[in-house]
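Enquirer: Okay, here's the structure, questions in a sec.
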Amino acid sequence: MRHFLIASLLLNGVAFGAPTKPISVPGAVKQITLPGASNTKPLSLPIDISTPAFEGIEDKPVNVGILPSLPYVLPGGALGHWGVGNGGDALRIGFARARDYAANVVLRINTNSLTNIKEQVIRDWIITNQKFLAADILQSEHIWTTEVKPTCAWTVQPGAVEHLPVSNPVQFSYPACRESADSFIKTAQILIHESVHHFNGDETTADKVAIGIIDAWQAGNMDAVPVSTINAPQGTQKHAAVWTGDTVVVIGGYSDENQNGVATVSGFDPRANSWKTYKAPQSFGVRHDALAVWTGKEVLIWGGFRKNGNSTEWVYDGALLNPSTGEWKLLAKPDWWTQKSSTWDGDPRQSIVWTGDRAIVWGGIDTNNLPMGGIFNPETLSWSKINTSSEYAPKRIAGHSAIWTGEKMVIWGGYQGISDSSRSITNEGGIYDPKQDNWLPTATEGAPAARAGHQAIWTGAKMVIISGGGVSSRTDLKSTGGQYDFETQSWTNYTNELMVERVGHKAVWNGEEILVVG
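For the sequence shown, the residue numbers in numbering that gives the first Met the number 0 are 0 to 517.
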């Protein structure tokens, strides 16, 4: 079986206020009692609905970057000594930063993730208590001591209390932790283990929960969905894919086995777990790195690279595919485009955005050294011109990003210049208003470092730039990113331990999170 793994990049912390009285939530209730727990009332949690907050919680809100429905946990009491620096700042900060990492790992678990855990009661407990466990990890106070201890971390079980979990502080020994916590994976496993004790779980239970979750994470068994391989297209890279509302349409790609592009266009129905093939016209041809958008009726496919002998060139044409009928319409480039030839094939030369009724294509340079762009109307199969002479119209050879804000198109980054030999990566951008047919620049002060091959996402309020780098040599990859606020015309940069250096990745916005794969 083929699996698709989606990793989540969590962006902004959200503050949650505690209610003044309990929240009553209707729905079925399931009781899970921890093995090894004593003197405690079974924990009752609603199934498949948001977990209610606890009564009487007056602790300050916890700023977390995970989900808006995380519950509160009951804050615990004082324990042990307060730590001092004593050369342990890196350890202390590492464990503090690992809170978000560990909570993120916990929340990525699903029922298919835990096949490595043989005991059903442990699997049930993890799935039922995900949000409480993540919240406890974030809420628990960390206290450090310079005393030598036989273990890196320990905490106090709450015992017989009305509500669980109780976030008693987790105490750490500088000397012991220096030997046992040298990575986020190890620190996350320790934090998960200690938080299980706040549910009155014993050492064995805490071990099984922590090891099971971390093993699932390291094995990639997170948010994975099996996909049938019957009638599936051959394995490729650099293919395009678009979601129609009920079908994933996969277009072309490059076969490492054949060292050439492929012409296959296929559709996957996730409900039926089945594939179908759309027979493309012969003139559509093979292509990889093609651009694709869903118009609401048809898949608009544009451009892509096509290998011709020893050279690979960008194809300035496309097609419309109706996945319901299998009907194809071939599309030609605007008659005013006279593109300059190029040998550069490391990144797509053009970009495409869908405005709701039009597609805007941008990229490449014409023989007059002006950038190329056009607006395509799929209803009339016609093109209209874009202002390319503005000083702010970005001259992009390749590798730039494009997003649609609902009113404007934003081009950012990529390779700029008028020829392959003179290209350079940039961190500049241009904002195009199709109603006014004019361009404005994005701010450069505080912008992420120059890059190409990155991903850009529109969240509904901000543009987010993710990774990328000096793609021509596959070096200098950027594990950084940034958010651009159009109201203030300002950038906020960020780095994150989870945001590894990458190129060739894809990202989508689901309304709460950016999902990154590759």
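Here a beta-carbon is modelled for each residue, glycine too, at the ideal position from N, C-alpha and C.
According to DSSP, what are the bridge partners of Ile212?
Expert: Bridge partners of Ile212: none, in fact.
Enquirer: Leaving out five residues on either side along the sequence, give the residues of the same chain with a beta carbon under 6 Å from the beta carbon of Asn230.
Expert: Trp274.
Enquirer: Residues in the same chain with beta-carbon distance under 6 Å from Thr494, minus the five sequence neighbours each way, listed in chain order, please.
Expert: Closer than 6 Å at Cβ, skipping near neighbours: Thr479.
Enquirer: Would Pro433 and Ile396 qualify as a contact pair, given that the criterion is a beta-carbon distance under 8 Å?
Expert: It is not a contact, given that the beta carbons lie outside the stated cut-off.
Enquirer: Could I get the ranges of all uninterrupted alpha helix (DSSP H) runs contained in the stretch 247-327, with 4 residues as the minimum, in chain order?
Expert: The stretch 247-327 contains no whole alpha helix (DSSP H) run of 4 or more residues.
Enquirer: With DSSP as the reference, label Trp124 as helix, strand or coil.
Expert: Reduced to three states, the DSSP call for Trp124 is helix.
Enquirer: Under 8 Å, do Gly429 and Trp490 count as touching if we go by C-beta distance?
Expert: In this structure, Trp490 does not lie closer than 8 Å to Gly429 by Cβ.
Enquirer: Over the uninterrupted beta strand (DSSP E) stretch that includes Ser400, give me the two end residues.
Expert: Counting along the chain, the beta strand (DSSP E) containing Ser400 begins and ends at 400-403.
Enquirer: Measure the C-alpha to C-alpha separation of Ala289 and Arg422 and round it to an integer number of angstroms.
Expert: Their backbone Cα atoms lie some 22 Å apart in a straight line.
Enquirer: Could you compute how far the alpha carbon of Pro333 sits from the alpha carbon of Asp356?
Expert: Taking the straight line joining both Cα atoms gives about 18 Å.
Enquirer: With Asn437 as the anchor, note down where its beta strand (DSSP E) starts and where it stops.
Expert: Asn437 -> beta strand (DSSP E) spans 437-440.
Enquirer: Relative to the C-alpha of Ser388, which residue among Met371, His399, Pro377 is closest?
Expert: Ranking the options by Cα distance to Ser388, first place goes to Met371.
Enquirer: Can you check whether the CB of Pro232 is closer than 8 Å to the CB of Val249?
Expert: In this structure, Pro232 lies closer than 8 Å to Val249 by Cβ.
Enquirer: Taking only runs that begin and end inside the stretch 128-198, name each unbroken beta strand (DSSP E) of 3 or more residues, in chain order.
Expert: With a minimum length of 3 residues, the continuous beta strand (DSSP E) runs that stay inside the stretch 128-198 are 141-144, 169-172.
Enquirer: Between which two residues does the alpha helix (DSSP H) carrying Ala231 extend?
Expert: Per DSSP, Ala231 belongs to no alpha helix (DSSP H) and is neither H nor E.
Enquirer: Would you mind listing the beta strand (DSSP E) stretches within the stretch 403-434 that are 3+ residues and don't spill past its ends, in chain order?
Expert: Counting only runs of 3 or more, we get 408-411, 428-432.
Enquirer: I'd like the list of long-range same chain contacts for Ser472, defined as Cβ closer than 6 Å, with 5 residues on each side in sequence excluded.
Expert: Its pLDDT being 43, under 50, Ser472 is placed unreliably by the model, and nothing is read from it.
Enquirer: Decide if Val24 is buried, meaning its Cβ has at least 16 other Cβ atoms within 10 Å, or exposed.
Expert: Reliability of the predicted coordinates at Val24 is poor, the pLDDT of 26 falling under 50, and the value obtained from them is presented with this limitation in mind. The residue is exposed, with fewer than 16 neighbouring Cβ atoms inside 10 Å.
Enquirer: For Asn167, count the other beta carbons within 10 Å of its own beta carbon; 16 or more makes it buried, fewer makes it exposed. Which is it?
Expert: Counting Cβ neighbours within 10 Å, Asn167 comes out buried, since at least 16 surround it.
Enquirer: Can you tell which of Asn426, His192, Ile125, Gln217 has the C-alpha that lies nearest to the C-alpha of Ala209?
Expert: When only C-alpha atoms are compared, the closest one is His192.
Enquirer: Count the CB pairs spanning the stretch 98-107 and the stretch 182-190 that are closer than 8 Å, and state whether there are at least three.
Expert: With the cut-off at 8 Å, the stretch 98-107 and the stretch 182-190 touch.
Enquirer: DSSP state of Leu329, grouped into three classes?
Expert: Looking at Leu329 - three-state DSSP - the assignment turns out to be strand.
Enquirer: Take the Cβ of Thr127 as the centre, count every other Cβ of all protein chains shown within 10 Å, and call the residue buried at 16 or more, exposed below.
Expert: When all chains shown are included, Thr127 counts as buried.
Enquirer: Tell me whether Ala97 counts as near the ligand PLP, meaning its Cβ is closer than 7 Å to at least one heavy atom of that ligand.
Expert: Among the ligands in the structure shown, none appear at all, so the ligand PLP cannot be discussed.
Enquirer: In three-state DSSP terms, what is Ala358?
Expert: Strand, per DSSP.
Enquirer: So, for Pro280: in the same chain, excluding its five sequence neighbours on each side, which residues have a beta-carbon less than 7 Å away from its beta-carbon?
Expert: Same-chain partners within the cutoff: Trp327, Leu329.
Enquirer: Let me know the secondary structure DSSP gives Arg395 once reduced to three states.
Expert: DSSP places Arg395 in strand when its eight states are reduced to three.
Enquirer: What residue range does the beta strand (DSSP E) around Ala451 cover?
Expert: Ala451 -> no beta strand (DSSP E), and no H or E assigned at all.
Enquirer: Based on Cα-Cα distance, which residue from Ala239, Arg107, Gly468 lies nearest to Gln217?
Expert: Here the closest residue by C-alpha is Arg107.
Enquirer: Taking 8 Å as the threshold, find out whether the stretch 129-148 comes into contact with the stretch 110-118 through three or more Cβ pairs.
Expert: Judged by Cβ distances under 8 Å, the stretch 129-148 makes no contact with the stretch 110-118, as fewer than three pairs qualify.
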